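Residue numbers (this note's numbering): 5 to 438. Below: the structure, in structure tokens.
Structure below.
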């Protein structure tokens, strides 16, 4: 095969002329210097030391990883914040490996590991720093200050150049292109709190990974977090959608929005309640919360027996009580029906929290129930306590057992009725710059 010799002569003559009269061309032709266009292809990344999770994203995610401003998100530097306490090294290492493997470094200002009162045997400072130069460790002294205060300290100590905060947990596996869809939503809506879909990892096998189911996060009237699918949808599109609440541990938010909201209430201590406060502040003070189906993070869901630290239940209830007293307004009696122990607790000084709510011009709880969490609105008229005696406690007792997955109801809003309700709209202010 090959072209006839006569076809090649003009090209050879042109090459000779260029080399004779253009020394730089001759040098370039003879040089072994590697130019960008002739650079050998990049070596493939070494295989990760963890099992690659399945790609569980829905169809249509190609557009969801692009920056609508055409800047490639390069102006949105991210601080990833990961608090940890008595966590297994297997979980910490696996979490960080997946972040380093699936996150383009150009987006990151740092990965800030926050050691909350860990001893020398489970702080892992040298091991963490050895994994990447992007890793910084904020070591809070023993006995620790609790998750809520640890997050606040972390934000205060985060890299100055970071404009986006991403909170993760030390027992997760991020999935393919997990960060870009979250950044895209923050670009479009500066006042959004954007969550990935959380895919379950069994508490007994950190190397397993299962796709999450359709649904959204929200609260019962005792402020316990639940995940529900009121419309009984089975599939999932690539379109982000509002969720009445955040689960609290894994989300992205602009740093200036976080600061403006004053997260978190300094009167809350230890563990529990930060996700409720974030939910009510974001939704009611000018923003919105949404789940982004093109972003997936595997999360090891575990029961209290597998939790590596103790949680003081009374302190959690006290934190919930502070939030309820500030944010539930005329609906506060509904909370006390199912959390009666909170009614007599000393909740501390609420002045600062109430003044901030007033200063931010936050919408009412009535607005939230009528426009955001319509399930909760329906449930206020059906609250009951499972397992109590009607003879002793009256009609607050449930007629039967608690509905599966609930602790304050024996029945739920029918799916057909829910589907007739108006859809939750993104507030106009969520598009506004800060």
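Cβ coordinates follow ideal geometry from the N, Cα and C atoms, glycine included. None of these values were measured; they are calculated from a predicted model.
>> Less than 8 Å between the beta carbons of residue 61 and residue 230, yes or no?
In response: Position 57 of the chain shown, counted from the first residue, corresponds to residue 61. Position 226 of the chain shown, counted from the first residue, corresponds to residue 230. Against a cut-off of 8 Å, the Cβ pair of residue 230 and residue 61 comes out as no contact.
> Do residue 232 and the ligand GDP come close, with the Cβ less than 7 Å from some heavy atom?
Replying inline: The ligand GDP is not part of this structure, which contains no ligands at all.
> Roughly how far, in whole angstroms, is the beta-carbon of residue 1 from the beta-carbon of residue 256, given that I think they are within contact range, below 8 Å?
Replying inline: No statement about residue 1 is possible, as the shown extent of the chain runs from 5 to 438 and does not include it.
> Who are residue 439's beta bridge partners in DSSP?
Replying inline: For the chain, the structure presents residues 5 to 438; residue 439 sits outside this window and is missing.
>> I'd like to know whether the C-beta of residue 338 is nearer than 8 Å to at least one C-beta of chain E.
In response: The question asks about chain E, but that chain is absent: this structure has only one protein chain.
>> In chain order, what are the residue ranges of uninterrupted alpha helix (DSSP H) at least 4 long that sit wholly in the stretch 318-396?
In response: Considered as a whole, the stretch 318-396 harbours 336-342, 355-363, 369-375 and 378-383 as its complete alpha helix (DSSP H) runs of no fewer than 4 residues, in chain order.
> With C-beta atoms as the reference, is residue 277 less than 8 Å away from residue 237?
Replying inline: Looking up residue 277 in the chain shown gives position 273. Looking up residue 237 in the chain shown gives position 233. The Cβ atoms of residue 277 and residue 237 lie no closer than 8 Å to each other.
> Residues bridged to residue 119 by DSSP?
Replying inline: As a first step, residue 119 must be located in the chain shown, where it is residue number 115. 88 and 143.
>> Please report the straight-line C-alpha distance between residue 182 and residue 223, rounded to a whole angstrom.
In response: In the chain shown, counting from the first residue as 1, residue 182 sits at position 178. In the chain shown, counting from the first residue as 1, residue 223 sits at position 219. Rounded to the nearest angstrom, the two C-alpha atoms are 26 Å apart.
> Nearest CA to the CA of residue 404: which residue from 421, 433, 56 and 386?
Replying inline: Within the chain shown, the letter at position 400 stands for residue 404. Restricting attention to 421, 433, 56 and 386, the CA atom closest to the CA of residue 404 is found in 386.
>> Does residue 302 come out as helix, strand or coil in the three-state DSSP assignment?
In response: Sequence index remark: in the chain shown, residue 302 carries index 298 (1-based). The answer is strand: DSSP assigns residue 302 an E or B state.
> Whole-angstrom Cβ separation of residue 189 and residue 244, contact assumed at under 8 Å?
Replying inline: On the chain shown, residue 189 is found 185 positions in, with the first residue counted as 1. On the chain shown, residue 244 is found 240 positions in, with the first residue counted as 1. The Cβ separation is near 6 Å, so the contact holds.
>> Between 228, 89 and 153, which has its C-alpha nearest residue 280's C-alpha?
In response: For the purposes of this step, residue 280 is taken as the residue at position 276 of the chain shown. Closest by alpha carbon: 228.
>> Suppose the cutoff is 8 Å on Cβ atoms and the five residues either side in sequence are ignored; what does the same chain contact list for residue 438 look like?
In response: Here the question's residue 438 lines up with position 434 in the chain shown. Excluding sequence positions up to five before and after residue 438, its CB lies within less than 8 Å of the CB of 194, 195, 258, 260, 261 and 264, all in the same chain and listed in chain order.
> Taking C-alpha atoms, which residue in 131, 71 and 398 lies nearest to residue 389?
Replying inline: Residue mapping note: residue 389 aligns to position 385 of the chain shown, counting from 1. Checked all of 131, 71 and 398; the closest Cα to residue 389 is 398.
> Tell me which same chain residues have a C-beta within less than 8 Å of the C-beta of residue 207, skipping the five on either side of it?
Replying inline: Against the chain shown, residue 207 aligns to sequence position 203. Its chain contains 304, 305, 306, 307 and 310 as the residues whose beta carbon lies nearer than 8 Å to that of residue 207, once the 5 sequence neighbours on both sides are disregarded; these appear in chain order.
> The alpha helix (DSSP H) spanning residue 249 covers which residue range?
Replying inline: Against the chain shown, residue 249 aligns to sequence position 245. Residue 249 -> no alpha helix (DSSP H), and no H or E assigned at all.
> At a cut of 8 Å, does the stretch 212-222 reach the stretch 321-335 through at least three beta carbon pairs?
Replying inline: They do not touch, by the three-pair rule.
>> Buried or exposed, going by whether 16 or more other CB atoms sit within 10 Å of the CB of residue 346?
In response: Residue mapping note: residue 346 aligns to position 342 of the chain shown, counting from 1. Around the beta carbon of residue 346, 16 or more other beta carbons sit within 10 angstroms, so the residue counts as buried.
> What is the DSSP secondary structure of residue 27, reduced to helix, strand or coil?
Replying inline: By one-based count along the chain shown, residue 27 stands at place 23. Because the pLDDT of residue 27 is 39, which lies under 50, any placement of that residue in the model is unreliable, and the question is left without a value.
>> Give me the residue from 184, 226 and 417 with the minimum Cα distance to residue 4.
In response: No information on residue 4 is available, as it lies outside the stretch 5 to 438 that the chain covers here.
> Is residue 174 near residue 101, with beta carbons less than 8 Å apart?
Replying inline: For the purposes of this step, residue 174 is taken as the residue at position 170 of the chain shown. For the purposes of this step, residue 101 is taken as the residue at position 97 of the chain shown. Not a contact, by the Cβ cut-off of 8 Å.
> With burial defined as no fewer than 16 other Cβ atoms inside 10 Å of the residue's Cβ, what is the status of residue 423: buried or exposed?
Replying inline: Position 419 of the chain shown, counted from the first residue, corresponds to residue 423. Counting of Cβ neighbours within 10 angstroms places residue 423 among the exposed residues, the total staying below 16.
> Going by other Cβ atoms of all chains shown within 10 Å of its Cβ, with 16 needed for buried, is residue 445 buried or exposed?
Replying inline: Shown here, the chain extends from 5 to 438; a query on residue 445 therefore has no answer.
> Per DSSP, residue 203 is paired with what?
Replying inline: Taking the chain shown and counting its residues from 1, one reaches residue 203 at position 199. Per the DSSP secondary-structure output, residue 203 pairs in a beta bridge with 302.
> Taking just the CA atoms, how far does residue 106 sit from residue 52?
Replying inline: In the chain shown, counting from the first residue as 1, residue 52 sits at position 48. In the chain shown, counting from the first residue as 1, residue 106 sits at position 102. As the crow flies, the alpha-carbon of residue 52 is around 10 Å from that of residue 106.
> For residue 327, which residues of its own chain have a beta-carbon under 6 Å away from its beta-carbon, when the five flanking residues on both sides are left out?
Replying inline: As a position in the chain shown, residue 327 is number 323, starting the count at 1. Cβ contact annotation for residue 327 (same chain, cutoff 6 Å, sequence separation greater than five): 277, 280 and 281, in chain order.
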